[in-house]
Each structure stands twice: as C-alpha cells, then as structure tokens.
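In full-length UniProt numbering, the protein residues as written are 1 to 256.
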C-alpha cells in the first residue's frame, strides 16, 4: 500500500499575513537555520539549500473572475489567468486559491531572467489539493521551459498515468543547458483530497522534494545551468497541454 503523509490541519492554519511569513520562513529563513545546522553536521551540508532571493510570491488570493495573478515579491512577475482557471476557490487557511480543470486553463508569467536559476540553487513551493479519483494523466503544476528547450528547464508535476509505486507522487524535474537531467520524487502521493505543501529543492549537487516538511530521496545534479527564454506557467505546459486537475494556492520561487 502506498504510504501517505498526513496533510496539514486546516483548523490550525494561521491568517494569510502570518502564513506568508511562515511560508517564507520555511523557504528562506528556515533555510538559513538549516544551513547553520549543517556546519555542525557535515553529512547534511550537501542537502542544505542556500537562502536566496524571493523572485516570485503568488498568494493566489484574487477574487472570482480575476484576470491577473499578482506577484508580491516586489519584482512585478504578475501572471495572466486564462479562462480555464477558476479564481476565488476556498483554500485551507480561510482565504482563496485557484481551481484547474485540465481544460486548457493556465496562468502565464512572462519570461524574465530573474526567473532563471542559472547555476544558483532553486526552491519552488506551492500548496496543492487533488482528488483521490482524478483521471489518469501527467499533470504539470509549475514549469519554465521544456525537456527539449534550449537553455534547460525546471518543472513540478504529478504523475498519475500508471499504477506503479510512484502513482500520484509529486516530482520535480530539472534539465540543464548541456544535457544534464535530474528527477526527484516526493515521499508519498497527494491524491487524497487534502491540502499539501510541495517544495522542490535544487542546489549545485543535488535535487530533492519535500512534502509537508518530509523529504524524499535526493538525486545527483551536475550543477548545470538552467536559463531559458520560456514563460513560467502554472497549471499546464506553455502550450496549455498536460493540464493540472485540482486546487492550488500560495506559490513561492526562491533563487540563490
């Protein structure tokens, strides 16, 4: 039986303002703590990501019918919401998120060099909820570039195309400009109708995925550059295929 990690208790969630700081603490401030602890524990040093710059902070709190996803990082990386995305969906903290229905819905953030990690560490986090009985599919959640794109790419997806041991597990895939590749998996499936926090980590030597604070296995990374000219998309591939089916909220991208 595939193990499932308990989701967060929505009744103990903090208000949005507190949650934003909590999310960033897990992705930024908490990473400083992890890095400092790694000094005393060299075995963990390779896995500890660096605290970097928040280049995208999308609360997804827009009202029903909104056409723009607002970036709160201060860098202006706002996204265009297509007609296949429903905004104003009740979320796990008393605010709202988005619903994606695999009908061509995608949020498109225009390309910018600050969204490319190059050879720097990357941390990508998003809150997701998927039903247990979703149709079979390869669900792209966040992507910048494609596997064959010039300059490399990074992607967060959920693979539900088969019934193997990784069915419903989130994974994060990284492709470098010179052909290197790494794919890391979360430690459990999220196909249970509950909210989960999925976080992709990439540093100069390794990639791994956290699910609700629990880390999956690390995979090797060659430190290759990722810098492409593609838009960043949430909810599908750039051409609106491989659409995500479920709810999403609170996406954060940290580089450096």
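Even for Gly, the Cβ is constructed at its ideal location relative to N, Cα and C.
Computed from a prediction, not measured in an experiment: that's the story for all the values here.
Could you tell me the boundaries of the beta strand (DSSP E) in which residue i lies?
{"i": "residue 97", "result": "96-101"}
{"i": "residue 257", "result": "Residue 257 lies beyond the residue range present for the chain, which begins at 1 and ends at 256; the question has no answer from this structure."}
{"i": "residue 58", "result": "53-58"}
{"i": "residue 140", "result": "137-144"}
{"i": "residue 176", "result": "Note, residue 176: premise wrong, no beta strand (DSSP E); not H, not E."}
{"i": "residue 75", "result": "Segment: none, residue 75 is in no beta strand (DSSP E) and carries neither H nor E."}
{"i": "residue 234", "result": "232-234"}
{"i": "residue 257", "result": "With the chain covering only 1 through 256, there is no way to say anything about residue 257."}
{"i": "residue 90", "result": "85-90"}
Counting only the same chain and skipping the five closest in sequence on each side, list residues whose C-beta sits under 8 Å from that of residue i.
{"i": "residue 68", "result": "62, 78, 79, 80, 81"}
{"i": "residue 267", "result": "Since the first and last residues shown for the chain are 1 and 256, residue 267 lies out of range."}
{"i": "residue 72", "result": "20, 57, 58, 59"}
{"i": "residue 171", "result": "156, 157, 158, 159, 183, 184, 185, 186, 209"}
If you compare alpha carbons, which of the options is closest to residue i?
{"i": "residue 190", "options": "74, 133, 110", "result": "133"}
{"i": "residue 167", "options": "178, 146, 138", "result": "138"}
{"i": "residue 224", "options": "214, 117, 76, 212", "result": "117"}
{"i": "residue 242", "options": "155, 151, 206, 192", "result": "155"}
{"i": "residue 113", "options": "56, 101, 206", "result": "56"}
{"i": "residue 70", "options": "90, 97, 83", "result": "97"}
{"i": "residue 123", "options": "163, 201, 90, 75", "result": "201"}
{"i": "residue 65", "options": "125, 85, 110, 254", "result": "85"}
{"i": "residue 76", "options": "51, 100, 88, 115", "result": "115"}
{"i": "residue 162", "options": "127, 87, 136, 59", "result": "136"}
{"i": "residue 193", "options": "221, 127, 111", "result": "127"}
{"i": "residue 158", "options": "89, 228, 88, 237", "result": "237"}
{"i": "residue 239", "options": "119, 73, 144", "result": "144"}
{"i": "residue 105", "options": "149, 83, 228", "result": "83"}
{"i": "residue 141", "options": "221, 100, 72", "result": "100"}
{"i": "residue 221", "options": "73, 119, 58, 51", "result": "119"}
{"i": "residue 235", "options": "72, 87, 149", "result": "87"}
{"i": "residue 149", "options": "227, 171, 74", "result": "227"}
Check residue i in the structure and name its three-state DSSP category.
{"i": "residue 80", "result": "strand"}
{"i": "residue 113", "result": "helix"}
{"i": "residue 185", "result": "strand"}
{"i": "residue 263", "result": "Outside the shown range of the chain, which is 1 to 256, sits residue 263, and nothing can be said about it."}
{"i": "residue 239", "result": "coil"}
{"i": "residue 134", "result": "coil"}
{"i": "residue 125", "result": "strand"}
{"i": "residue 190", "result": "coil"}
{"i": "residue 247", "result": "strand"}
{"i": "residue 195", "result": "strand"}
{"i": "residue 63", "result": "coil"}
{"i": "residue 118", "result": "strand"}
{"i": "residue 107", "result": "strand"}
{"i": "residue 68", "result": "strand"}
{"i": "residue 220", "result": "strand"}
{"i": "residue 229", "result": "coil"}
{"i": "residue 171", "result": "strand"}
{"i": "residue 180", "result": "coil"}
Among the residues of its own chain, which have a CB less than 7 Å from the CB of residue i, if the five just before and after it don't count?
{"i": "residue 108", "result": "79, 80, 231, 233"}
{"i": "residue 89", "result": "96, 97, 98, 99, 247"}
{"i": "residue 256", "result": "50, 52, 53, 120, 121"}
Tell me whether residue i counts as near the ligand NAP, meaning its Cβ is closer than 7 Å to at least one heavy atom of that ligand.
{"i": "residue 71", "result": "Because no ligand of any kind appears in the structure shown, any question about the ligand NAP cannot be addressed here."}
Who are the near neighbours of residue i in its chain, counting only those whose CB is closer than 6 Å to its CB and skipping five residues on each side?
{"i": "residue 173", "result": "155, 183"}
{"i": "residue 102", "result": "243, 245"}
{"i": "residue 129", "result": "195, 246, 247"}
{"i": "residue 175", "result": "147, 152, 153, 181"}
{"i": "residue 215", "result": "208"}
{"i": "residue 91", "result": "97, 249"}
{"i": "residue 229", "result": "111"}
{"i": "residue 178", "result": "224"}
{"i": "residue 199", "result": "125, 210"}
{"i": "residue 131", "result": "193"}
{"i": "residue 217", "result": "none"}
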